[in-house]
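A short worksheet on the structure shown next.
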Amino acid sequence: MTAVPAFSVVIANYNGGTALDEALTSCVTQGVDEGHCIIVDNGSRDASLERVAQTHPRTEIIRNGCNGGFARAVNQGLRRAAGDYVLILNNDARLLPETLPAFAACFAAHPALVLAGARLLSPDGSPQNCVAALPRWWHEFFPHSLLKGLWPQRFAGKMAHVTQAQPVPSVIGAALVLRRGALPKLGFLDEDFFFYLEETEWCRRAWERGLEVWFCPAAPVIHQLGQTANRFRVAARIEFQRSKLLYLRKTEGPLAAGIVALWLPVKAAVDTLSNGLAVLASLGLSARLRRRFRGYATILLWHLLLRPQSWGLPDKCPQRARP
23 MTAVPAFSVV IANYNGGTAL DEALTSCVTQ GVDEGHCIIV DNGSRDASLE
73 RVAQTHPRTE IIRNGCNGGF ARAVNQGLRR AAGDYVLILN NDARLLPETL
123 PAFAACFAAH PALVLAGARL LSPDGSPQNC VAALPRWWHE FFPHSLLKGL
173 WPQRFAGKMA HVTQAQPVPS VIGAALVLRR GALPKLGFLD EDFFFYLEET
223 EWCRRAWERG LEVWFCPAAP VIHQLGQTAN RFRVAARIEF QRSKLLYLRK
273 TEGPLAAGIV ALWLPVKAAV DTLSNGLAVL ASLGLSARLR RRFRGYATIL
323 LWHLLLRPQS WGLPDKCPQR ARP
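Next up, the structure:
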């Protein structure tokens, strides 16, 4: 079996509950030195850190008093990491026995590889999206199902039938491994992103700088998808749209971002109207339809109010405000 090199682990945490301890335990069980595990906490109010301090006392914990975002937290951890490879792991993900050896083999076989993504699986074993196309402004005007039908390879997400490691445009950041020696050339995550698309921009930057991003299907990770998003459904969708506009402005310029910024409220208005009609047709008896209508209406209002920074995920640090 391939010898596992020195891995460090960075976990950004925000009210992770018992899942945080499960994530950390899976890393230690699979051979990561507890002293090379770094948790960066974004102002949690639950008992997740206290639990970890009892079960894994040698783990390094960085406590932020507020939520500075995923990118900022990961960068704090990267500055403390000492391993040859740094596993950036969601607090709702767990490693399996084959995960780290497979990542090690993937990096050993591909010297230009700097960012590697795992095969993400739900707790029931069903596949999740592992890779993603790099967003373009014109993607917003077409249903994803249509884009995937026209370009199935380009818009493949779950990669369920892929068995060999291969280069991909970008990988999902729930379980992402960095070759730490490439960090000076690659640079840290862009802290302008609060939540969503920061790893996508990182992957794009890697390719632009002559580095490589690969999907390593032999490295499975169990992921309880969307813990944060499920707790703050509408706020998370607002945060995603904010990150989408930021990504497009950074990668395709203000004109492309401006076009999408004009289109998104139109789309939100259509979604609000169609779901409002569905609520009327059901005589308001469907809780699911009422919830969907309220969600789309809230997103529409956010756009109409010129996207206030105070809307979105909670407990942000004051310096997260953007012009």
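Going left to right, the sequence shown walks through residues 23 to 345 as my numbering numbers them. Backbone N, C-alpha and C fix where the C-beta goes; we use that ideal spot for every residue, glycine too. Fair warning: this is a prediction, and the values are worked out from it, not measured in the lab.
Checking 8 Å against the spacing of the C-beta atoms, do L117 and C59 come in under that value?
No; because the gap between Cβ atoms is not below 8 Å, this pair is not in contact.
The beta strand (DSSP E) with E82 in it runs from where to where?
That run of the beta strand (DSSP E) goes 82-86.
Buried or exposed: which applies to P242, given that a residue is buried once 16 or more other Cβ atoms fall within 10 Å of its Cβ?
Buried, by the Cβ-count rule.
In the DSSP output, what is G275 paired with across the bridge?
Beta-bridge pairing links G275 to no other residue.
Can you name, in chain order, every residue of its own chain whose Cβ lies under 8 Å from the Cβ of A75, other than the five neighbours on each side?
Shown here for A75: same chain residues with a beta carbon closer than 8 Å to its own, the five before and five after excluded, namely T81, I83 in chain order.
Euclidean distance between Cα positions of R85 and N97:
R85 and N97: Cα-Cα distance of roughly 14 Å.
Three-state secondary structure assigned by DSSP to A25
In this predicted model, A25 has a pLDDT of only 44, less than 50, meaning its place in the structure is not dependable; the value taken from the coordinates is given anyway. When secondary structure is reduced to three states using DSSP, A25 falls in the coil class, being assigned neither helix nor strand.
Decide if D63 is buried, meaning its Cβ has at least 16 other Cβ atoms within 10 Å, or exposed.
Buried: at least 16 other Cβ atoms inside 10 Å.
Rounded to whole angstroms, what's the CA-CA distance from G99 to I33? Just pull it up for me.
Distance between the alpha carbons of G99 and I33 is about 8 Å.
For P133 and G317, the rounded distance between their alpha carbons:
CA-CA distance, G317 to P133, rounds to 46 Å.
If L142 sits next to C152, beta carbons under 8 Å apart, how far is it from one beta carbon to the other, in whole angstroms?
Indeed, because the Cβ distance is near 5 Å, the residues count as touching under 8 Å.
With Y107 as the anchor, note down where its beta strand (DSSP E) starts and where it stops.
107-111 is the extent of the beta strand (DSSP E) around Y107.
Would you list the one or two residues that DSSP bridges to R188?
The displayed chain sequence assigns Gln, not Arg, to residue 188. Its beta-bridge partners are F237.
Residue environment, A2, which counts as buried when at least 16 other CB atoms sit within 10 Å
What is shown of the chain runs 23 to 345, which leaves residue 2 out entirely.
Could you compute how far the alpha carbon of A140 sits from the alpha carbon of T273?
Cα to Cα, A140 sits roughly 25 Å from T273.
Note down the Cα distance separating V31 from L122, rounded to an integer number of angstroms.
A direct Cα-to-Cα measurement between V31 and L122 gives close to 11 Å.
Let me make sure I understand the geometry here. Which of L295, W324, A182 has the alpha-carbon closest to that of R312?
Among L295, W324, A182, the Cα nearest to that of R312 belongs to L295.
By the three-class DSSP mapping on this structure, what secondary structure does N35 have?
Three-state result, N35: strand.
When you compare each of R329, R176, A104, M181 to A283 by their alpha carbons, which one comes out closest?
Closest by alpha carbon: R329.
With respect to the beta strand (DSSP E) encompassing N64, which residues constitute its N-terminal and C-terminal limits?
Going by DSSP, N64 is part of the beta strand (DSSP E) stretching over 59-64.
Answer with buried or exposed for L71, where buried requires no fewer than 16 other C-beta atoms within 10 angstroms of its C-beta.
Buried, because 16 or more other Cβ atoms sit within 10 Å of the Cβ of L71.
Are A182 and C238 close, meaning C-beta to C-beta below 8 Å?
No, the pair does not count as a contact, with Cβ atoms beyond the cut-off.
How many Å lie between D68 and P119 at the Cα?
Roughly 29 Å between the two C-alpha positions.
Compare the Cα-Cα distances from T47 to each of S66, F92, N113 and report the closest residue.
That would be N113, whose Cα lies nearest to the Cα of T47.
For A278 and P79, what's the separation of their Cα atoms in angstroms?
Their Cα atoms are separated by approximately 49 Å.
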